[in-house]
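Trainee: Just so we're aligned, residue 0 is where the sequence shown starts under numbering that gives the first Met the number 0, counting upward by one.
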Amino acid sequence: MSVIVVRSAQQEEPVREALRSVVSEHATVHLVRLPTVDSLDPLVKAVGPTRNYGVDYTTRCLPDIPSTVEFVVDRAASCVCIGISERTSTGKARIDPLTQSLLLEERLSGTLVVGNDVIILRKVEYDT
Numbered sequence: 000m001s002v003i004v005v006r007s008a009q010q011e012e013p014v015r016e017a018l019r020s021v022v023s024e025h026a027t028v029h030l031v032r033l034p035t036v037d038s039l040d041p042l043v044k045a046v047g048p049t050r051n052y053g054v055d056y057t058t059r060c061l062p063d064i065p066s067t068v069e070f071v072v073d074r075a076a077s078c079v080c081i082g083i084s085e086r087t088s089t090g091k092a093r094i095d096p097l098t099q100s101l102l103l104e105e106r107l108s109g110t111l112v113v114g115n116d117v118i119i120l121r122k123v124e125y126d127t
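(1) Can you look up A92 in the DSSP assignment and give me helix, strand or coil?
(2) Provide the residue(s) that pair with R32 in DSSP beta bridges, ordered along the chain.
(3) Taking all protein chains shown into account, decide if L101 is buried (16 or more other Cβ within 10 angstroms of its Cβ) or exposed.
(4) In this structure, what does DSSP give as the bridge partners for S108?
(5) Beta carbon of V129, beta carbon of S1: below 8 angstroms?
(6) V46 by DSSP, collapsed to three states: which one?
(7) How would you write the range of the beta strand (DSSP E) that V79 sits in, first residue to last?
(8) Can you round the beta-carbon distance between L39 and R6 to whole angstroms, since I take them to be within the 8 angstroms contact cut?
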């Protein structure tokens with residue numbers, strides 16, 4: 000099971016990359032949005048997780064990063080994905096406070112992978 004954190008309804012490419020590179024067919028994906036995102040309906044319609052990637056999905060709004068971490072831990076997600084919001088002038092992914100607080104959470108560890116549009120924490124392990 001994978002969690003994809005969506006910061007904007009316009010994040011089609013990060014979601015597509017996560018679905019292509021991380022999620023196996025027939026898996027369950029949780030698309031988690033923060034309150035700054037009004038709705039994931041346009042994004043889900045454009046990406047088509049079930050139709051185009053063969054995965055089941057849920058959408059959920061969580062109030063903040065600590066709640067998102069709890070969600071990840073409670074579901075024992077194997078991977079967490081978050082879109083790259085910006086890059087440096089040399090093309091490196093800029094780690095903003097949101098990404099840092101989620102992917103560097105002390106209770107989560109795993110393999111950090113930086114893609115074209117998404118940062119992925121794979122093989123997530125939990126420190127209880």
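All residues carry an ideal CB built from backbone N, CA and C; glycine is no exception.
Mentor: Concretely, from the data shown:
(1) strand
(2) V5 and C60
(3) A buried status is given to L101, since no fewer than 16 other beta-carbon atoms sit within 10 Å of its beta-carbon.
(4) E124
(5) Any question about residue 129 goes unanswered here, given that the chain covers just 0 to 127.
(6) helix
(7) If you look at V79, you'll find it in the beta strand (DSSP E) that goes C78 to G82.
(8) So it is not a contact: roughly 11 angstroms between Cβ atoms.
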